[in-house]
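Each remark here refers to the structure printed beneath this line.
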Amino acid sequence: MNDRTTVLVLGATGATGMLLVRQLLDRGLAVKALVRSRDKLPEALQQQDRLTMIQDSVLDLSEKAFADLVDGCDAVASCLGHNLSLKGIFGHPRRLVTDAIRRTCQAVGEHHSGKPIKLLLMNTAGNSNRDLQEPVSIAQSCVIGLLRRLVPPHRDNEEAADFLRTNVGQNDTAIEWVVIRPDSLVDEDSVNPYQLHSSPTRSAIFNPGKTSRVNVAHFMTELITDDELWNAWRGRMPVIYNTPS
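Note that the numbering used here numbers the sequence shown so that position 198 is 197, with each residue one more than the last.
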């Protein structure tokens with residue numbers, strides 16, 4: 000990647016998305032931030048000349064408008080998630096993340112030429128990578144099954160990742176992807192050492208680890224800017240944990 004790299008960030012005003020925007024700008028990249036409200040981005044970020052803000056919803060934009068937004072981007076990073084409220088968890092849209100990923104892939108297909116675009120999806124360690132048949136205890140399988148039925152955001156995260164695994168796959172000429180799986184998200188002031196694993200090393204239900212949002216943003220920024228790191232994780236679902244102190 001070079002200083003002309005342009006990244007579209009979905010969910011840019013969320014707790015992790017805002018940190019990602021900041022880190023991308025600090026690296027000298029151009030950022031398009033799709034936001035529902037401009038006021039949620041700090042004034043210091045809004046004044047950056049390499050930041051373009053688009054005030055709208057990823058699902059409300061017309062197909063043409065969204066395709067035009069994706070056009071010219073080298074990477075798209077989704078930090079979308081459901082608000083932790085009754086309306087956010089059980090209200091609409093219930094397939095926010097999945098539909099956003101689907102729309103992104105469609106938009107990329109309409110404008111693709113040359114090098115594949117990088118598509119990054121922030122997900123959760125509670126979602127298994129079914130390409131690897133990751134071992135899950137019977138107890139955790141039961142809990143996940145209940146979450147899948149009763150808590151719409153969990154199913155949404157699963158379906159978004161599965162769309163990339165099964166519909167885009169490993170050999171698409173227009174899109175390369177990485178699904179980032181943090182465990183229990185926590186707030187920290189600065190980037191600290193973290194660990195990357197192909198699969199969870201602990202139970203996300205009964206023995207969860209911690210992952211700081213700023214570390215997630217750092218890893219996503221590294222994936223976008225470091226082609227060697229990208230090639231190491233392309234088409235995979237790395238799990239990220241804070242390194243225990």
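Glycine included, every Cβ here is placed at the ideal spot set by N, Cα and C.
Everything numeric in this text was worked out from a predicted model, so none of it was measured.
Own chain, CB closer than 7 angstroms to residue i, minus 5 neighbours either side, in chain order
i: residue 10; result: 16, 77, 78, 79 and 80
i: residue 109; result: 66
Proximity to residue i [Cα-Cα], best of the options
i: residue 240; options: 190, 46 and 233; result: 190
i: residue 105; options: 127, 144, 58 and 148; result: 58
i: residue 4; options: 44, 117 and 185; result: 117
i: residue 211; options: 182, 222, 223 and 228; result: 182
i: residue 145; options: 125, 129 and 130; result: 125
i: residue 232; options: 153, 115, 167 and 195; result: 195
i: residue 45; options: 63, 27, 55 and 21; result: 21
i: residue 128; options: 99, 206 and 158; result: 158
i: residue 215; options: 226, 197, 206 and 186; result: 186
i: residue 96; options: 74, 163 and 27; result: 163
Beta-carbon spacing of residue i, residue j below 8 angstroms
i: residue 235; j: residue 177; result: yes
i: residue 242; j: residue 199; result: no
i: residue 180; j: residue 122; result: yes
i: residue 204; j: residue 139; result: yes
i: residue 69; j: residue 34; result: no
i: residue 19; j: residue 220; result: yes
Own chain, CB closer than 6 angstroms to residue i, minus 5 neighbours either side, in chain order
i: residue 94; result: 155
i: residue 51; result: 31
Residue i beta carbon near the ligand PLP (any heavy atom closer than 7 angstroms)
i: residue 67; result: Ligands in the displayed structure: none, and consequently the ligand PLP is not present.
Per DSSP, cross-strand counterpart(s) of residue i
i: residue 31; result: 7 and 51
i: residue 194; result: 240
i: residue 232; result: Its beta-bridge partners do not exist; DSSP assigns none.
Which parts of the region 143-191 are runs of the beta strand (DSSP E), unbroken and 3 residues or longer, counting only runs that do not cross its ends? As far as the region 143-191 is concerned, its whole beta strand (DSSP E) runs of at least 3 residues are 174-181 and 183-185.
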